[in-house]
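Report on the following structure.
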Amino acid sequence: MTSMTNGCGTTTYTWDARNRLTEIFGYDAQCSPLSASFKYDALGRRIEKTINGRTINYLYDGLDIVQEIEGGMVTVNYIRTLNIDEPLARIKSDGTVRYYQTDALGSVIALTDETGNVKTTYNYDPFGNTSVSGEPSDNPFQYTGRENDNPVLSEVEGGLYYYRARYYSPELQRFISEDPIRLDSDDINFYAYVGNSPVNWVDPWGLIVIVSDNPSRGCPPGVICLDPGQVDPNNPGFFGQSSGPTNNFEGLCIIISKHLLDYLIGLPIKLQPAYINLECYPIDPIDPYDSCDDLGS
187 MTSMTNGCGT
197 TTYTWDARNR
207 LTEIFGYDAQ
217 CSPLSASFKY
227 DALGRRIEKT
237 INGRTINYLY
247 DGLDIVQEIE
257 GGMVTVNYIR
267 TLNIDEPLAR
277 IKSDGTVRYY
287 QTDALGSVIA
297 LTDETGNVKT
307 TYNYDPFGNT
317 SVSGEPSDNP
327 FQYTGRENDN
337 PVLSEVEGGL
347 YYYRARYYSP
357 ELQRFISEDP
367 IRLDSDDINF
377 YAYVGNSPVN
387 WVDPWGLIVI
397 VSDNPSRGCP
407 PGVICLDPGQ
417 VDPNNPGFFG
427 QSSGPTNNFE
437 GLCIIISKHL
447 LDYLIGLPIK
457 LQPAYINLEC
467 YPIDPIDPYD
477 SCDDLGS
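Counting along the sequence shown from 1, when you hit position 6 you're at 192 in this note's numbering, and nothing is skipped either side.
This is the structure:
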């Protein structure tokens with residue numbers, strides 16, 4: 187998408203040679219002037235965001251942000267679990283601490299203080315249009331645990347969410363650029379968000395749908411399902427022995443597709459059954475799938 191025109195006017199979107207969003211110029215959902223720019227590191231992670239003159243830099247631990255930096259000073263620290271998109275606490279430089287409360291999709295539904303009092307609440311429609319109430323907060327992690335690039339609005343708004351490989355528009359109910367892995371996502375619609383089933387699936391990479399934490403839902407197309415009853419972490423070849431998609435899957439769906447490795451080459455992909463943590467490091471650019479045999483507990 188290169189431009190969008192609505193009642194506010196026309197907003198333009200600029201992309202680099204790797205199809206990463208670099209600039210937005212136009213209007214936000216409240217028809218206020220909007221100017222935004224973004225920078226990325228060699229691994230494709232967004233390391234700088236400037237919106238209407240305010241610049242925030244990011245420090246990462248793997249795929250997740252652990253610090254926000256403004257003017258060379260750390261302004262926010264995050265405490266997280268080892269899982270992707272699972273923040274536990276947000277600690278600001280002034281000492282303010284807010285704890286994340288989430289739902290089954292990983293969407294943040296409330297921020298609480300040290301005594302458990304709810305300070306800020308978040309509500310979403312199925313596709314992520316977001317409304318915020320209570321104490322104003324610039325916490326960006328909201329729908330499915332991803333970053334809302336206009337987090338402080340207190341009304342339902344149509345801003346973008348950053349899903350790593352792409353940006354998602356709740357207003358349009360779709361991504362605003364094609365899926366980088368295209369047909370390897372097992373979806374012929376390169377812009378669709380989680381197969382139009384947002385109450386069941388999530389997409390933390392912006393590449394392919396994965397199973398939220400509910401095995402009874404089965405596995406959608408495009409994911410690899412590993413049954414914990416059959417997985418042997420001591421068998422270096424068990425990844426290749428995983429079962430295919432099924433509608434009657436009774437084990438735990440593991441959130442990885444082999445096709446992701448083509449895109450995420452060089453980044454650790456965490457495979458997390460209920461009782462073990464495994465990491466897959468795609469280290470061979472010729473045949474990255476082979477390195478998935480190199481798994482450890």
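Ideal placement from N, C-alpha and C gives every residue a C-beta, glycine not left out.
Straight-line gap, residue 380 to residue 309 (C-alpha atoms, nearest Å): For the purposes of this step, residue 380 is taken as the residue at position 194 of the sequence shown. For the purposes of this step, residue 309 is taken as the residue at position 123 of the sequence shown. Distance between the alpha carbons of residue 380 and residue 309 is about 19 Å.
Pop quiz: residue 325 and residue 214 are said to be a contact at Cβ under 8 Å. What is the actual Cβ separation, rounded to whole angstroms? Here the question's residue 325 lines up with position 139 in the sequence shown. Here the question's residue 214 lines up with position 28 in the sequence shown. Not quite, the Cβ-Cβ distance comes to about 18 Å (not below 8 Å), so this is no contact.
Could you tell me the alpha carbon to alpha carbon distance between residue 328 and residue 295, rounded to whole angstroms? One-based indexing of the sequence shown puts residue 328 at position 142. One-based indexing of the sequence shown puts residue 295 at position 109. Each residue's alpha carbon lies about 8 Å from the other.
Using 10 angstroms around the beta-carbon of residue 356, count the other beta-carbons present and answer buried if the total reaches 16, otherwise exposed. Mapped onto the sequence shown, residue 356 falls at position 170. Buried, by the Cβ-count rule.
Going along the chain, which residues of its own chain have a beta-carbon closer than 6 Å to the beta-carbon of residue 235, five neighbours each way excluded? Taking the first residue of the sequence shown as 1, we reach residue 235 at position 49. Taken in chain order, the residues that qualify are 224, 242.
Only counting the same chain, and skipping five residues up and downstream in sequence, which positions put a Cβ closer than 6 Å to that of residue 206? On the sequence shown, position 20 is the one that residue 206 refers to. Here the set comprises 226.
Could you check whether the Cβ of residue 324 sits closer than 7 Å to any Cβ belonging to chain C? In summary, chain C is missing from the structure at hand, where a single protein chain is found.
Under the rule that 16 or more other beta-carbon atoms within 10 Å means buried, what is residue 438, buried or exposed? In the sequence shown, the residue the question calls residue 438 occupies position 252. Unreliable placement is indicated for residue 438, whose pLDDT of 37 sits below 50; the coordinate value is still reported in the next sentence. It is buried - the Cβ of residue 438 has at least 16 other Cβ atoms within 10 Å.
8 Å contact criterion, which residue 277 and residue 263 should meet: CB distance rounded: Within the sequence shown, the letter at position 91 stands for residue 277. Within the sequence shown, the letter at position 77 stands for residue 263. Residue 277 to residue 263, Cβ: 5 Å. Contact.
Local conformation of residue 240 per DSSP, three classes: Reading the sequence shown from its first residue, position 54 is the one you call residue 240. If DSSP states are grouped into helix, strand and coil, residue 240 belongs with the strands.
Taking C-alpha atoms, which residue in 289, 365, 212 lies nearest to residue 331? Counting from 1 along the sequence shown, the entry for residue 331 is found at position 145. Checked all of 289, 365, 212; the closest Cα to residue 331 is 289.
What is the rounded straight-line gap between the Cα of residue 210 and the Cα of residue 285? Here residue 210 refers to the residue found at position 24 of the sequence shown. Here residue 285 refers to the residue found at position 99 of the sequence shown. Roughly 31 Å between the two C-alpha positions.
Which same chain residues, not among the five before or five after residue 378, have their C-beta less than 8 Å away from its C-beta? The count along the sequence shown starts at 1 and reaches residue 378 at position 192. Same-chain partners within the cutoff: 360, 361.
Note down the Cα distance separating residue 247 from residue 195, rounded to an integer number of angstroms. Indexing the sequence shown from 1 puts residue 247 at position 61. Indexing the sequence shown from 1 puts residue 195 at position 9. Those two C-alpha atoms are separated by around 39 Å.
Between the Cα of residue 271 and those of 292, 201, 216, spot the shortest distance and give me the residue it belongs to. For the purposes of this step, residue 271 is taken as the residue at position 85 of the sequence shown. Closest by alpha carbon: 292.
With H, G and I counted as helix, E and B as strand and the rest as coil, what does DSSP make of residue 380? Locating residue 380 in the sequence shown gives position 194, counting from the first residue. If DSSP states are grouped into helix, strand and coil, residue 380 belongs with the helices.
CB-CB under 7 Å to residue 348, same chain, minus the five flanking residues each way: which ones, in chain order? Here residue 348 refers to the residue found at position 162 of the sequence shown. 232, 332, 333, 335, listed in sequence order.
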